[in-house]
Amino acid sequence: MHAGWRLAVTTRAAVISRALAQTRRRVRGFRPEQIIGIGVDTTGSTPMPVDGEGKPLAFQRRFSRNPDAMAWLWKDHTGVAEAAEITSLAREIRPRYVARCGGRELRFARGGRFRDLRGGAWSDEGDADVLADAAFPNGRERLAAILDCVNAGDVVCSAAEGVEFVDGGGSHHQGGGSHGSLASADSLVPLVTVGVDVSAVPAQPSITDVYGLVARHFGL
Numbered sequence: 002m003h004a005g006w007r008l009a010v011t012t013r014a015a016v017i018s019r020a021l022a023q024t025r026r027r028v029r030g031f032r033p034e035q036i037i038g039i040g041v042d043t044t045g046s047t048p049m050p051v052d053g054e055g056k057p058l059a060f061q062r063r064f065s066r067n068p069d070a071m072a073w074l075w076k077d078h079t080g081v082a083e084a085a086e087i088t089s090l091a092r093e094i095r096p097r098y099v100a101r102c103g104g105r106e107l108r109f110a111r112g113g114r115f116r117d118l119r120g121g122a123w124s125d126e127g128d129a130d131v132l133a134d135a136a137f138p139n140g141r142e143r144l145a146a147i148l149d150c151v152n153a154g155d156v157v158c159s160a161a162e163g164v165e166f167v168d169g170g171g172s173h174h175q176g177g178g179s180h181g182s183l184a185s186a187d188s189l190v191p192l193v194t195v196g197v198d199v200s201a202v203p204a205q206p207s208i209t210d211v212y213g214l215v216a217r218h219f220g221l
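Rendered as structure tokens:
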């Protein structure tokens, strides 16, 4: 942060309180209990240093005049090397993916002692039944592949059985085949082969295994 810069740091609670007060003045009969949700939108991340308890250093008296304790503005590229180092270390010491279902949570990352039915290696923390192989075939790999895609967002929703998502064009598959779920009922289909050696197919086959079957059969 350059000398002479001054940054006013405000807590989220203070911002919400101020917004409620403004709304109360402008909207006759408004009551806070009428609010059913609060949305927050940003154009990017603004990291802020915190202590061991997660409290921002900028709110502590001993750091109140220390510019390095303030929020680090988005698009400030002066700490690119340090950010890359932090990201690299974070990938080593904690899982990259989090799956939640019904209040249960599983954190997982590539590499580790756990082997799924396709032979994939993972490290797990939490409730492994959140992505049980029988209920969600190849769930870890499928979720990780989606979240690693450059065109994907940060959150993936899997539809419950009997629920369909409407796509951007307004279409859906209600009453027919589904494409919105990781569940086994929406993921598994029969594969019938004749005269093909399937001994190399993993215990939990995937459509991606068809290429290998054909290539080996024809010596490609």
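Per my numbering, the sequence shown starts with residue 2, numbered consecutively.
The beta-carbon is built from N, C-alpha and C at its ideal position, and this holds for glycine as well.
Proximity to residue i [Cα-Cα], best of the options
i, options, result
"residue 110", "198, 146, 138", "146"
"residue 118", "132, 161, 159", "132"
"residue 99", "125, 79, 61", "125"
"residue 120", "212, 140, 217", "140"
"residue 184", "53, 154, 155, 135", "135"
"residue 107", "114, 97, 116", "97"
"residue 187", "174, 40, 79", "174"
"residue 129", "150, 151, 105", "105"
"residue 48", "38, 81, 31", "81"
"residue 102", "22, 161, 15", "161"
"residue 116", "203, 31, 211, 26", "203"
"residue 87", "122, 50, 142", "50"
Own chain, CB closer than 8 Å to residue i, minus 5 neighbours either side, in chain order
i, result
"residue 157", "144, 147, 148"
"residue 28", "none"
Which of helix, strand or coil DSSP assigns to residue i
i, result
"residue 64", "helix"
"residue 107", "strand"
"residue 163", "coil"
"residue 182", "coil"
"residue 217", "helix"
"residue 125", "strand"
"residue 2", "Model confidence at residue 2 stands at a pLDDT of 42, short of 50, so the residue's coordinates are unreliable and nothing is read from them."
"residue 136", "coil"
"residue 101", "strand"
"residue 116", "strand"
"residue 222", "Past the boundaries of the shown model lies residue 222; the chain is included only from 2 to 221, so the question cannot be answered."
"residue 8", "Since pLDDT at residue 8 reaches only 47, below the 50 mark, its modelled position is unreliable, and no value is offered."
"residue 206", "coil"
"residue 33", "helix"
"residue 20", "helix"
Nearest-angstrom Cβ-Cβ length linking residue i and residue j, presumed shorter than 8 Å
i, j, result
"residue 213", "residue 201", "7 Å"
"residue 138", "residue 205", "6 Å"
Below-9 Å beta-carbon distance, residue i vs any chain D residue
i, result
"residue 86", "Included in the structure is just one protein chain, with no chain D present."
Spatial neighbours of residue i in its chain, beta-carbon cut-off 6 Å, leaving aside the 5 residues before and after
i, result
"residue 218", "197"
"residue 54", "none"
Counted within 10 angstroms of its Cβ, other Cβ atoms place residue i as buried (16 or more) or exposed
i, result
"residue 182", "buried"
"residue 216", "exposed"
"residue 16", "exposed"
"residue 59", "buried"
"residue 70", "buried"
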